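K.L.:
To start, I am sharing the structure in question, which I have written as structure tokens.
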Amino acid sequence: MNNSLYKSNNEIIVPTMSILERNFKFFVLLIMHIPSLCCSMFILYHFRWNRLANQILGVLVTVNLLTILFELPFTLIYLRDGFVRNQKICPGWILVNYSLFILSIILIAWASIERFLFIYNEQLIKRCRILLHYIPIGFFIVYTPTFYTGLVIFYPCEQAFNPTNYICGGPCYLFRIVPCMIDWGTNVVLVLLVTCFMNSFLIIYNVKQRFRMRGSIITADKSQQWRRTMKLSIQLFSISSLCVIGWVPYGVVSTLQIFSNTDLLTFLLSTFFIYFPYVQTSFTPYVCLLFIPEIKKKFRSTLQSSWFIKLICHKNQVHVSNDEQLNTLTRCDTMIRTKKTVQAQPL
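Each position in the sequence shown, counted from 1, maps to that position plus 506 in this note's numbering.
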């Protein structure tokens, strides 16, 4: 990891990040995503695609898995070297990065709308599952790569990639006000607003429903329905909170930079916030594992049957057994001493 090296045309490239900063980001991302990769593969292997309410979670985990497999290696290589060795890969890296990350937040926004329908109008979405479920998901899957292929590959502007910047500094259309505002306003700002609005609306609606239940007789069916409502709501809030943590700071700073391009905002964005979306990518599989009952049960049984857990449990059992024997001997010894003391006392 040298600070500079010569290219074939005798141009010297000096990485903008220090070796310490690059190594720190490299190992943090690597440590975060290795278990996330294993978790995603486990979920998809045991996932039941016949359950309509969970299908969008399976698609979301699949997108996260593709991000780890096909986008993250570009980032790790960039952090390892401090620059992009071959600028020919820049369009491909940008296309994969934009398509997968934007697709993930669009799916979360749609999941927020879908969850509300599953909670309070389940029969409607079951009757119109093709129109309200399969067509939107299929459209989003096709839309994002098509949209960014048009902007990144075919938009008529001269590319000027910077090999020392993350994703080569971005595509040239970002420096054109119309396509930049359409992309940013539609695919990021609007999507995040929909996610935040639907989650806030669902919280308020759940609180109102709870207050209504207090004034009425709670039957077993109502109690079961309320538990299902809370389970689906908490599942959605957990996934959406990862989206908010990963994208809202990045979105706010990027929006400010569009209208006020200062050195401070550029530093904050390029150094910290541009890596925040990886928080969503790395932790989403854990949330899905936690809130999908059949996957959680399968994971628990797999964990309990592993040799490492068996070894720990065996050692604990031996330790507990030894402690019980010691306690038994201590009690017996105490009883014998007490008996001898009583016999030794004069009548």
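Built from N, CA and C at the ideal position, the CB exists for glycine as well.
As the structure is a computational prediction, the values presented were derived from the model and not from experiment.
Exposed or buried, PHE667, counting other C-beta atoms within 10 Å across all chains shown (16 or more means buried)?
P.N.:
For the purposes of this step, residue 667 is taken as residue 161 along the sequence shown, with counting starting at 1. PHE667 is buried by the Cβ-count criterion.
K.L.:
By DSSP, does PRO799 sit in helix, in strand, or in coil?
P.N.:
Indexing the sequence shown from 1 puts residue 799 at position 293. In this structure, PRO799 counts as helix in the three-state DSSP scheme.
K.L.:
For VAL826, which residues of its own chain have a beta-carbon under 8 Å away from its beta-carbon, when the five flanking residues on both sides are left out?
P.N.:
Mapped onto the sequence shown, residue 826 falls at position 320. Residue placement at VAL826 is flagged as unreliable, the pLDDT there being 46, under the threshold of 50; a coordinate-derived value is accordingly withheld.
K.L.:
Checking 7 Å against the spacing of the C-beta atoms, do SER605 and THR650 come in under that value?
P.N.:
Stepping through the sequence shown from its first residue, residue 605 is reached at position 99. Stepping through the sequence shown from its first residue, residue 650 is reached at position 144. Yes, Cβ-Cβ distance for SER605 and THR650 is below 7 Å.
K.L.:
Determine the burial state of VAL824: buried for a count of at least 16 other Cβ atoms within 10 Å of its Cβ, exposed for fewer.
P.N.:
Locating residue 824 in the sequence shown gives position 318, counting from the first residue. Because VAL824 carries a pLDDT of 49, less than 50, the predicted location of this residue cannot be relied on, and the following value inherits that uncertainty. Exposed is the call here.
K.L.:
Over what stretch of residues does the alpha helix (DSSP H) that includes GLY691 continue unbroken?
P.N.:
Residue mapping note: residue 691 aligns to position 185 of the sequence shown, counting from 1. Here GLY691 belongs to no alpha helix (DSSP H), and DSSP marks it neither H nor E.
K.L.:
Where does GLU800 land, buried or exposed, given buried means 16+ other C-beta within 10 angstroms?
P.N.:
Counting from 1 along the sequence shown, the entry for residue 800 is found at position 294. Burial call: exposed.
K.L.:
Could you say which of ILE636, LYS802, LYS803, PRO579 lies nearest to TYR672 if we only look at CA atoms?
P.N.:
Numbered from 1 along the sequence shown, position 166 holds the residue referred to as residue 672. Ranking ILE636, LYS802, LYS803, PRO579 by Cα distance to TYR672 puts PRO579 first.
K.L.:
Compute the distance between the beta-carbons of THR787 and THR573, then report whether it is under 7 Å.
P.N.:
Looking up residue 787 in the sequence shown gives position 281. Looking up residue 573 in the sequence shown gives position 67. Yes, the pair counts as a contact, with Cβ atoms nearer than the cut-off.
K.L.:
Quick one: is GLN858 buried, meaning 16 or more other Cβ sit within 10 Å of its Cβ, or exposed?
P.N.:
This structure gives no information on residue 858, because the portion of the chain shown stretches from 507 to 853.
K.L.:
Excluding sequence positions up to five away, which residues of its chain have a Cβ less than 7 Å from the Cβ of ILE619?
P.N.:
As a first step, residue 619 must be located in the sequence shown, where it is residue number 113. Within the same chain, ILE619 has close Cβ partners MET704.
K.L.:
Please classify CYS544: is it buried, with 16 or more other beta-carbons within 10 angstroms of its beta-carbon, or exposed?
P.N.:
The residue given as residue 544 occupies position 38 in the sequence shown. It is exposed - the Cβ of CYS544 has fewer than 16 other Cβ atoms within 10 Å.
K.L.:
With distance defined between alpha-carbon atoms, name the residue in MET736, LEU775, LEU770 nearest to VAL754.
P.N.:
As a position in the sequence shown, residue 754 is number 248, starting the count at 1. Ranking MET736, LEU775, LEU770 by Cα distance to VAL754 puts LEU775 first.
K.L.:
Note down, in chain order, each residue of its chain lying with its Cβ closer than 6 Å to the Cβ of ALA617, except the 5 sequence neighbours on either side.
P.N.:
Taking the first residue of the sequence shown as position 1, residue 617 is located at position 111. For ALA617, where only same-chain residues beyond five positions count, the Cβ hits under 6 Å are ILE562.
K.L.:
Take GLY675 and list the residues in its own chain whose beta-carbon comes closer than 8 Å to its own, dropping the five residues that flank it on each side.
P.N.:
The residue you call residue 675 lines up with position 169 of the sequence shown. Excluding residues within five positions, the ones whose Cβ falls inside 8 Å are ALA666, PHE667, ASN668.
K.L.:
Give me the Cα-Cα distance between VAL759 and THR777, rounded to the nearest whole angstrom.
P.N.:
For the purposes of this step, residue 759 is taken as the residue at position 253 of the sequence shown. For the purposes of this step, residue 777 is taken as the residue at position 271 of the sequence shown. Straight-line Cα distance between these residues: approximately 12 Å.
K.L.:
Assign TYR784 to buried or exposed, taking buried as 16 or more other Cβ atoms, counted over all protein chains shown, within 10 Å of its Cβ.
P.N.:
In the sequence shown, residue 784 corresponds to position 278, counting from 1. Looking at its Cβ environment, which holds 16 or more other Cβ atoms inside 10 Å, TYR784 is buried.
K.L.:
Under the three-state reduction of DSSP, which class applies to VAL602: helix, strand or coil?
P.N.:
Residue 602 sits at position 96 when you count from the first residue of the sequence shown. Look at VAL602 here: in three-state DSSP terms it is helix.
K.L.:
How many Å lie between PHE805 and VAL793 at the Cα?
P.N.:
As a working mapping, residue 805 is identified with position 299 in the sequence shown. As a working mapping, residue 793 is identified with position 287 in the sequence shown. Their Cα atoms are separated by approximately 13 Å.
K.L.:
Rounded C-beta distance between VAL695 and GLY757? I'm assuming under 8 Å.
P.N.:
Counted from its first residue, the sequence shown places residue 695 at position 189. Counted from its first residue, the sequence shown places residue 757 at position 251. With a Cβ gap of about 7 Å, VAL695 and GLY757 count as contacting.
K.L.:
Do ALA615 and THR701 have their C-beta atoms closer together than 7 Å?
P.N.:
Looking up residue 615 in the sequence shown gives position 109. Looking up residue 701 in the sequence shown gives position 195. Cβ atoms of ALA615 and THR701: closer than 7 Å.
K.L.:
Can LEU795 and ILE549 be called in contact, C-beta distance under 7 Å?
P.N.:
Start at 1 with the first residue of the sequence shown, and residue 795 comes out as number 289. Start at 1 with the first residue of the sequence shown, and residue 549 comes out as number 43. Closer than 7 Å, so yes.
K.L.:
Using DSSP with H/G/I as helix, E/B as strand and the rest coil, what is SER744?
P.N.:
Numbered from its first residue, the sequence shown carries residue 744 at position 238. DSSP places SER744 in helix when its eight states are reduced to three.
K.L.:
Under a Cβ-count criterion, where at least 16 other Cβ atoms within 10 Å of its own Cβ denotes burial, should LEU770 be classed as buried or exposed?
P.N.:
If you number the sequence shown from 1, residue 770 lands on position 264. Per the 10 Å Cβ criterion, exposed.
K.L.:
Using 7 Å as the threshold, is the C-beta distance between ALA559 and PHE624 below it?
P.N.:
Residue mapping note: residue 559 aligns to position 53 of the sequence shown, counting from 1. Residue mapping note: residue 624 aligns to position 118 of the sequence shown, counting from 1. A contact, by the Cβ cut-off of 7 Å.
K.L.:
Put TYR551 into one of helix, strand or coil per three-state DSSP.
P.N.:
Taking the sequence shown and counting its residues from 1, the one referred to as residue 551 is at position 45. The three-state secondary structure of TYR551, taken from DSSP, is helix.
K.L.:
Under DSSP, the alpha helix (DSSP H) around GLU664 begins and ends at which residues?
P.N.:
For the purposes of this step, residue 664 is taken as residue 158 along the sequence shown, with counting starting at 1. Careful: GLU664 lies outside any alpha helix (DSSP H) and carries neither H nor E.
K.L.:
Output yes if chain C places a C-beta closer than 7 Å to the C-beta of TYR551; else output no.
P.N.:
The structure shown has no chain C; it contains just one protein chain.
K.L.:
Are the region 676-683 and the region 624-642 touching by the rule of at least three beta carbon pairs closer than 8 Å?
P.N.:
No: the two stretches stay apart, fewer than three of their Cβ pairs being nearer than 8 Å.
K.L.:
What is the rounded straight-line gap between the Cα of ILE583 and the Cα of VAL697?
P.N.:
The sequence position of residue 583 within the sequence shown is 77, counting from 1. The sequence position of residue 697 within the sequence shown is 191, counting from 1. Each residue's Cα considered, the two are about 30 Å apart.
K.L.:
How many Å lie between CYS596 and VAL602 at the Cα?
P.N.:
Here residue 596 refers to the residue found at position 90 of the sequence shown. Here residue 602 refers to the residue found at position 96 of the sequence shown. Roughly 10 Å separates the two Cα atoms.
K.L.:
Tell me the DSSP secondary structure of PRO541 in three-state form.
P.N.:
In the sequence shown, counting from the first residue as 1, residue 541 sits at position 35. PRO541: helix per DSSP, three-state reduction.
K.L.:
Is GLY588 helix, strand or coil when you go by DSSP?
P.N.:
Here residue 588 refers to the residue found at position 82 of the sequence shown. In this structure, GLY588 counts as coil in the three-state DSSP scheme.
K.L.:
Ignore the nearest five residues each way along the sequence and tell me which others in LEU738's own chain have a CB closer than 8 Å to its CB.
P.N.:
Along the sequence shown, read from residue 1 onward, the residue named residue 738 stands at position 232. Excluding sequence neighbours, LEU738 sits near ALA559, ARG621, PHE624, ILE625.
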